[in-house]
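Chains as they are written, first to last, in the working numbering: chain A, 1 to 285; chain B, 286 to 598.
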């Protein structure tokens, strides 16, 4: 257990700070920390902040796409989760099963379905043209940020809805009835009671969706594949497969990336009040 | 004229002739449930499922079209001896590899996870809690980082484990073991220790008590874990891709990733559909077994659904 979890991170460090074999063009891991060279790390950090560094634009893409995708996920996901939690009644089981269906279908298959639909002569373009929204086919798959964000939202929104539903379902309906009885309108009840109660739920679901979106590279590869939309994770993926010094740089970047993600990860765990995820809440039973 | 007034005037012209009050009131439905929320819910469900239905329909095409329904046939599933998903060597082996990996992962990680859950439930002290923390971290760490980390381990440290099926299996087991641990541990906590203590009072050894009194009550949770681990690992992409070796270790998800943009026939859609059929039948069979077991074991009436929701949320 220990070995399989702790060792990998040591291995990343060893490759990132290791030497480089000039003949075979492969990195050599250096296991002795005293002989580590930190040049790859400083190089990567330089590339992240300098004007035309190889990580600068991808990092900006990553942040912007993730932010927009998470906000859209929340705007669609919250009302859906709210409605199912509050109003579903007898049909809750059926609707919940439908909401969970995407969990059981391969992510790549769901993206493949959209690749077919978004082709230049695909159904999306044809419907939009029939409706008169556009007059020429739009090149959805030609490296458009819109498509990438759309794909990310489509891919990860189930992971937003389910936890939100879990939290919203726990809100005691008597609190809302009390607010209504005291004269608050529906909207006021929502803003003054439901929304504050679900603040933790909102932040933690945003984190649980944002973390995988940040490290997603395949959605981008499938729906765009163009340098115009490269995200940080794509750049890492490319570097690790590249010859010469690529893998060392990629490994260093993975490590920096991980360091950057640790605070939100801890924040998430603290929010859901389970630093020990395996200690189930008594209240839920 | 103020901006608001302009907008109002524009809107008035736009909606002229539409019984706007009626429409708005229907959505607001002041006396009953808020209909616009329901419109969103069903709209979302249609949006999330319709693309897949279209992909399924396209896989039954007679022609080569990837973008529209085009006749009905099983050419891309089965009947074409060269290009169908079942007969094209690369697609066929991808399907087998996915199913093989998922079955082995399920058979190895669930017993391990159950043992781990029982150990964590009984054992107090610093070692189990730090093991716990490590597992929790691996649960929230983005999969890309786990994939790269495992890749570094197998390429630089554990060189005797070859890339391909062995490395893929080890990676998947490590990652998937968290499901049975969460599910089984939740069940153990809700069971309490009464039956076990009763069995021991009646003369059973600790091992016997575990086997005859505790384990039978865990069966529903174990079936739920088997189901989830299979379904999750059959669809896995990142770990399988990073741990892949020769082309025979390509899974369906990797095949889709590599071919989706260059695909020329609906065979790839058919392959994806075969995977969906596999997943669906696992869920149906698992669900039936779960129901049967839950009826037999008293006190486990909650559906498999709630077990799954608990593990995801």
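Ideal Cβ positions, reconstructed from N, Cα and C, are used throughout, including at glycine.
None of the values given here were measured: they were computed from a predicted structure.
Less than 9 angstroms between the beta carbons of residue i and residue j, yes or no?
i, j, result
"residue 108/A", "residue 572/B", "no"
"residue 209/A", "residue 329/B", "no"
"residue 518/B", "residue 115/A", "no"
"residue 360/B", "residue 347/B", "yes"
"residue 514/B", "residue 473/B", "no"
"residue 286/A", "residue 152/A", "What the structure shows of chain A is the stretch from 1 to 285, and residue 286/A is not part of that stretch, so it cannot be assessed."
"residue 163/A", "residue 201/A", "yes"
"residue 160/A", "residue 74/A", "yes"
"residue 371/B", "residue 345/B", "no"
"residue 228/A", "residue 145/A", "yes"
"residue 561/B", "residue 226/A", "no"
"residue 141/A", "residue 171/A", "no"
"residue 553/B", "residue 112/A", "yes"
Could you compute how far the alpha carbon of residue i sits from the alpha carbon of residue j?
i, j, result
"residue 462/B", "residue 433/B", "19 angstroms"
"residue 550/B", "residue 259/A", "43 angstroms"
"residue 120/A", "residue 350/B", "13 angstroms"
"residue 342/B", "residue 354/B", "7 angstroms"
"residue 276/A", "residue 475/B", "Caution is warranted here: a pLDDT of 44 is assigned to residue 276/A, below 50, making its placement in the model unreliable, and no coordinate value can be reported."
"residue 169/A", "residue 91/A", "14 angstroms"
"residue 507/B", "residue 250/A", "40 angstroms"
"residue 216/A", "residue 122/A", "25 angstroms"
"residue 156/A", "residue 194/A", "24 angstroms"
"residue 324/B", "residue 368/B", "42 angstroms"
"residue 570/B", "residue 564/B", "10 angstroms"
"residue 482/B", "residue 335/B", "53 angstroms"
"residue 78/A", "residue 321/B", "13 angstroms"
"residue 185/A", "residue 204/A", "28 angstroms"
"residue 458/B", "residue 270/A", "27 angstroms"
"residue 543/B", "residue 401/B", "37 angstroms"
"residue 267/A", "residue 418/B", "14 angstroms"
"residue 326/B", "residue 437/B", "44 angstroms"
"residue 534/B", "residue 497/B", "40 angstroms"
"residue 333/B", "residue 69/A", "16 angstroms"
"residue 578/B", "residue 504/B", "7 angstroms"
"residue 377/B", "residue 213/A", "31 angstroms"
Beta carbon of residue i: closer than 8 angstroms to some heavy atom of the ligand ZN?
i, result
"residue 237/A", "For the structure depicted, the ligand ZN is absent and the ligand set is empty, with no information on it obtainable."
DSSP on residue i, reduced to helix/strand/coil?
i, result
"residue 377/B", "helix"
"residue 453/B", "helix"
"residue 347/B", "coil"
"residue 478/B", "coil"
"residue 177/A", "helix"
"residue 74/A", "helix"
"residue 217/A", "coil"
"residue 537/B", "helix"
"residue 388/B", "helix"
"residue 365/B", "coil"
"residue 224/A", "coil"
"residue 518/B", "helix"
"residue 633/B", "Here chain B comprises residues numbered 286 to 598, so residue 633/B is not present and cannot be evaluated."
"residue 352/B", "coil"
"residue 22/A", "With a pLDDT of 48 at residue 22/A, under the threshold of 50, the predicted position of this residue should be treated as unreliable, though the coordinate-derived value follows. Looking at residue 22/A - three-state DSSP - the assignment turns out to be coil, as it is neither helix nor strand."
"residue 357/B", "coil"
"residue 461/B", "helix"
"residue 341/B", "helix"
"residue 579/B", "helix"
From the options, pick the residue whose C-alpha is nearest to that of residue i; which is it?
i, options, result
"residue 454/B", "565/B, 581/B, 540/B and 526/B", "526/B"
"residue 63/A", "205/A, 211/A, 200/A and 93/A", "211/A"
"residue 392/B", "559/B, 510/B, 376/B and 546/B", "510/B"
"residue 255/A", "268/A, 240/A, 177/A and 269/A", "240/A"
"residue 59/A", "234/A, 271/A and 106/A", "234/A"
"residue 520/B", "435/B, 465/B, 504/B and 383/B", "383/B"
"residue 420/B", "465/B, 562/B and 452/B", "465/B"
"residue 331/B", "182/A, 263/A, 154/A and 136/A", "154/A"
Just checking my contact of residue i with residue j at CB under 8 angstroms: how many whole Å lie between their CB atoms?
i, j, result
"residue 539/B", "residue 529/B", "7 angstroms"
"residue 223/A", "residue 124/A", "Not quite, the Cβ-Cβ distance comes to about 12 angstroms (not below 8 angstroms), so this is no contact."
"residue 379/B", "residue 536/B", "6 angstroms"
"residue 95/A", "residue 88/A", "5 angstroms"
"residue 448/B", "residue 524/B", "Not quite, the Cβ-Cβ distance comes to about 12 angstroms (not below 8 angstroms), so this is no contact."
Residue i versus chain E: which residues are under 7 angstroms apart at the beta carbon?
i, result
"residue 571/B", "Of the protein chains in this structure, namely A and B, none is chain E."
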